[in-house]
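In the numbering used here, the protein residues as written are 271 to 360. The beta-carbon is built from N, C-alpha and C at its ideal position, and this holds for glycine as well. Only one structure is covered here, and it is reproduced in the block below.
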Amino acid sequence: MRKRTLRIPATAAALQEAVEQAAAGEVVLLEDSGRLVAAVVPFEVAAAGVDALHEAGDAADRLRGQRLIAELGAGMETTRLGDLRRELAS
271 MRKRTLRIPA TAAALQEAVE QAAAGEVVLL EDSGRLVAAV VPFEVAAAGV DALHEAGDAA
331 DRLRGQRLIA ELGAGMETTR LGDLRRELAS
């Protein structure tokens, strides 16, 4: 997979070319004032990235849940929802 850089602001034609290159399997990096700010990538790359982000989020949620269960098991102080509502309402 080749990479190329497109400086922005870019013309509509240059953006269309970036889209076509991404569709052909290339990664086109977008540069603004010398800073890489985004990329136009093939759909498969984007989809894989989204899937990976969801999996990482799911793993983080599982870890938080496991830690909370461990804290509860170790005697963490809890508050009943009704008590909390009454406290917040007063």
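Fill in: Distance between beta carbons of Q291 and R274, contact taken as under 8 Å
Between Q291 and R274 the Cβ distance is about 7 Å, and since that is below 8 Å, they are a contact.
Practice prompt. Inspect the beta-carbon positions of R277 and E301 and report whether they are closer than 9 Å.
Written response: Against a cut-off of 9 Å, the Cβ pair of E301 and R277 comes out as a contact.
Item to complete: Express the C-alpha separation of L299 and L306 in angstroms, rounding to a whole number.
Response: Those two C-alpha atoms are separated by around 7 Å.
Worksheet entry | V297 and A309 closer than 9 Å at C-beta | In this structure, A309 lies closer than 9 Å to V297 by Cβ.
Worksheet item: Taking the alpha carbon of V315 as the point to measure from, which residue in A359, H324, A340 and G295 has its own alpha carbon closest?
Response: Selected option, being the one with the closest Cα: G295.
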